[in-house]
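S.K.:
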Amino acid sequence: MFAHIQAAPADPILGLNDAYKNETNPNKINLGVGVYKDEQGNTPILQSVKQAEERLLTEELTKSYLSIEGTDNYRQSVQTLLFGENHPIINKKLAHTAHTPGGTGALRVAAEFIKKHLPEATIWVSNPTWANHQAIFQSVGLEVGSYAYYDASSKSLDFESLLASLSQIPEGDIVLFHGCCHNPTGIDPTKEQWQQLAKLCGKQGFLPLFDFAYQGFGVGLEEDAQGLRTFAEQVPEMLIASSFSKNFGLYNERVGALTIVCETADNADAAFTQIKRAARTNYSNPPAHGAAIVAEILSNKALRSLWEMELQSMRTRIHEMRGLFVSTLRSKGVEQDFSFISKQQGMFSFSGLNPEQVSQLRKQFGIYIVGSGRINVAGMTHENMDPLCSAIAEILTQ
Ligand code: LMR
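Residue 398 is where the sequence shown ends in UniProt numbering, and the numbering goes up by one at each step.
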C-alpha cells in the first residue's frame with residue numbers, strides 16, 4: 001500500500017534546521033529558521049513567561065478540554081492587541097476570535113473556511129512570501145496567485161506595481177497581507193501606503209487576510225498594528241491570523257488565533273460557528289498552556305510591562321545587529337551596498353544573495369540561510385558577526 005509513495009522534498013525552512021543539526025562544521029551558524037536568539041546564541045524563555053507559568057502552576061485546577069474556540073480571556077486579549085482598547089469592532093461584537101495551534105493553525109483553519117464558503121475565490125500572496133503560505137492554501141484545493149511586492153534591483157517595495165497588481169484582483173478574491181515585518185523581505189508599506197491599499201481594497205471588493213506574526217518586532221506593538229487598523233477603519237470584513245511564537249517566544253507551545261471581522265454582529269456569530277466547525281474537524285480544540293501564558297501576561301499589569309520591556313529589548317538587539325552587519329561587511333572591503341538591511345523591519349533580511357552564493361556559504365562555511373537569500377538577523381551575535389561577514393565577503397568575490 002505504501003510502496004509507491006515518493007519522498008516529499010525537505011521543507012525550505014524547517015528542513016534546513018534539520019540539516020543544520022547534522023552539520024559537522026564546528027563554526028556553523030544558523031540564520032535559517034525565524035527564531036530569536038540572544039547574544040549567547042540561545043532562544044531564551046522570557047522572564048514574563050516564566051513568571052506567568054509559575055502562577056499557572058499554582059492556580060491551574062484542571063486539564064480538561066478547552067472549548068473549540070479557547071478561553072474567553074485569551075480571545076479578548078488577542079482582540080485588544082489587534083485593534084486597541086475599546087475599538088468599535090470589539091464594542092459592537094463585530095469580531096470573533098478562535099484560539100488556534102500557532103499562526104499556521106490559524107491559516108489552515110482560514111483556508112478550510114474559505115474553501116468551504118468562498119470556493120471560487122483565488123487567494124493572492126505577495127511575491128515573495130513566507131515559504132509555507134502557498135502550500136497551506138493549495139493543500140485545501142484553493143487557487144493561489146501572486147501579486148507584485150518587491151523590487152530586487154532597488155531592494156525596496158515596488159509600490160506602483162503592487163497597486164497595479166491589486167487593481168486587477170476581482171471582487172470576492174482574497175489578498176493576504178503581512179501585518180508587519182514582511183517575511184521574507186523585512187519591508188513594510190508606510191502609513192500612507194497602507195491607507196492607499198485599504199482604499200483600493202474597499203474599491204475592488206477583495207477580502208483582506210492579515211498574517212500577523214511579528215507584532216512588536218518592527219517599531220512597537222501599536223505602530224506595528226497600523227496597517228491592520230487602517231484596514232479595519234475602511235473595510236467591513238477581514239480575517240486575521242495571529243501568532244505569538246515570536247513576540248512571546250512561545251514557539252513550541254503553538255499559540256495563535258484566527259479572528260474574523262464581519263459587517264454585523266449577527267454575521268459574525270453565524271460565520272464563527274463555521275470557523276469552529278473547521279477547527280473541530282481539524283484538531284478538535286486547542287492546546288491550553290501557551291494561550292494561558294499569553295492571557296496571564298496580558299491581563300496582569302506588572303507582567304505586561306515586563307513583557308513589553310523584554311519585547312523591546314529583542315527588537316533593539318535585532319536593530320543593533322542590522323547596523324553592525326552592514327558596517328562589518330563594509331569593514332571587510334565589501335563594495336556592494338548593503339545599507340538597505342538597516343532599513344528593514346523584524347527578524348528577516350532579504351540579502352540579495354543568490355542560490356549559488358547561499359549554497360557556497362553552507363558548503364564552505366557551515367552558514368545556513370534560506371535558499372531565497374533570506375537571513376534571520378535575530379540569529380546574529382557580536383561573536384558570530386566577524387566570521388559571518390568574512391564568509392560573505394569571500395563568497396561575493398568568488
Ligand atoms: C520562519 O519563517 O522561519 C518561521 O515562521 C518558522 C516557520 O515555521 O517557517
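Beta carbons: idealized from backbone N, C-alpha and C, even for Gly.
Just so we're clear, the structure is a prediction, and the values are computed from it rather than from any experiment.
Using the three-state DSSP reduction, which class does ALA378 fall into: helix, strand or coil?
M.R.: Taking the sequence shown and counting its residues from 1, one reaches residue 378 at position 378. In the three-state reduction of the DSSP assignment, ALA378 falls in the helix class, which pools H, G and I.
S.K.: Between the region 95 to 104 and the region 148 to 155, are three or more C-beta pairs nearer than 8 angstroms?
M.R.: no
S.K.: Quick one: complete beta strand (DSSP E) runs, 3+ long, within the region 197 to 249?
M.R.: 207 to 212 and 238 to 243
S.K.: Can we count GLY34 as close to the ligand LMR, meaning its CB is less than 6 angstroms from some heavy atom?
M.R.: Taking the first residue of the sequence shown as position 1, residue 34 is located at position 34. Yes, since a heavy atom of the ligand LMR falls inside the 6 angstroms radius drawn around the Cβ of GLY34.
S.K.: According to the neighbour-count rule (16 or more other Cβ atoms, all chains shown, within 10 Å of its Cβ), is MET347 buried or exposed?
M.R.: Taking the sequence shown and counting its residues from 1, one reaches residue 347 at position 347. When all chains shown are included, MET347 counts as buried.
S.K.: Using only the alpha-carbon positions, how far apart do GLU54 and ALA106 sit?
M.R.: Mapped onto the sequence shown, residue 54 falls at position 54. Mapped onto the sequence shown, residue 106 falls at position 106. If I take the Cα positions, the gap works out to 28 angstroms.
S.K.: Out of THR264, ILE395 and GLY141, which has the shortest C-alpha to C-alpha gap to ALA121?
M.R.: Taking the first residue of the sequence shown as position 1, residue 121 is located at position 121. Checked all of THR264, ILE395 and GLY141; the closest Cα to ALA121 is GLY141.
S.K.: If you check the beta carbons only, do ILE123 and VAL144 fall under 7 angstroms apart?
M.R.: What you label residue 123 is simply residue 123 of the sequence shown in a count that begins at 1. What you label residue 144 is simply residue 144 of the sequence shown in a count that begins at 1. Judged by their CB atoms, ILE123 and VAL144 are nearer to each other than the 7 angstroms cut-off.
S.K.: Straight-line CA distance for GLN312 to GLN6?
M.R.: Counting from one through the sequence shown, the residue named residue 312 turns up at place 312. Counting from one through the sequence shown, the residue named residue 6 turns up at place 6. Between GLN312 and GLN6, the C-alpha separation is close to 46 angstroms.
S.K.: For VAL125 and LEU176, which I take to be in contact (beta-carbon distance under 8 angstroms), what is that distance rounded to the nearest angstrom?
M.R.: In the sequence shown, residue 125 corresponds to position 125, counting from 1. In the sequence shown, residue 176 corresponds to position 176, counting from 1. 5 angstroms between Cβ atoms; contact.
S.K.: Over the uninterrupted beta strand (DSSP E) stretch that includes PHE2, give me the two end residues.
M.R.: In the sequence shown, the residue the question calls residue 2 occupies position 2. Segment: none, PHE2 is in no beta strand (DSSP E) and carries neither H nor E.
S.K.: To the nearest angstrom, how far is it from the Cα of TRP194 to the Cα of ASP188?
M.R.: Along the sequence shown, read from residue 1 onward, the residue named residue 194 stands at position 194. Along the sequence shown, read from residue 1 onward, the residue named residue 188 stands at position 188. Cα to Cα, TRP194 sits roughly 9 angstroms from ASP188.
S.K.: What residue does the beta strand (DSSP E) around ASN127 start on, and which one ends it?
M.R.: Here residue 127 corresponds to residue number 127 of the sequence shown, with the count starting at 1. Where ASN127 is concerned, the enclosing beta strand (DSSP E) stretches over 122 to 127.
S.K.: Just to check, is the beta-carbon of ILE13 closer than 6 angstroms to a non-hydrogen atom of the ligand LMR?
M.R.: Within the sequence shown, the letter at position 13 stands for residue 13. Answer for ILE13: yes, Cβ within range of the ligand LMR.
S.K.: Should ASP173 go down as buried or exposed, given a rule of 16 or more other Cβ atoms within 10 Å for buried?
M.R.: Working through the sequence shown from its first residue, we reach residue 173 at position 173. Buried, by the Cβ-count rule.
S.K.: Considering only residues of the same chain and omitting the five flanking positions on each side of HIS87, which have a CB-CB separation below 6 angstroms?
M.R.: Position 87 of the sequence shown, counted from the start, is the residue given in the question as residue 87. Around HIS87: no qualifying Cβ.
S.K.: Here's a check: name, in chain order, each residue in its chain whose Cβ is nearer than 6 angstroms to the Cβ of GLU39, leaving out the five neighbours to either side.
M.R.: Locating residue 39 in the sequence shown gives position 39, counting from the first residue. Excluding sequence neighbours, GLU39 sits near THR381.
S.K.: Alpha carbons only, please: which of GLU222, GLY220, GLY256 and ASP266 is nearest the one belonging to ALA213?
M.R.: Along the sequence shown, read from residue 1 onward, the residue named residue 213 stands at position 213. Considering only alpha carbons, the answer is GLY256.
S.K.: Going by Cα to Cα distance, which pick from GLN76, THR316, ILE367 and TYR36 is closest to GLY220?
M.R.: In the sequence shown, counting from the first residue as 1, residue 220 sits at position 220. The candidate whose alpha carbon is nearest that of GLY220 is THR316.
S.K.: I need the straight-line Cα distance from SER342 to HIS4, nearest angstrom please.
M.R.: For the purposes of this step, residue 342 is taken as residue 342 along the sequence shown, with counting starting at 1. For the purposes of this step, residue 4 is taken as residue 4 along the sequence shown, with counting starting at 1. Using only the alpha carbons, I get a separation of about 49 angstroms.
S.K.: With 16 as the cutoff for other CB atoms within 10 Å, does PRO128 come out buried or exposed?
M.R.: Counting from 1 along the sequence shown, the entry for residue 128 is found at position 128. By the Cβ-count criterion, PRO128 is buried, with 16 or more other Cβ atoms from all chains shown falling within 10 Å of its own Cβ.
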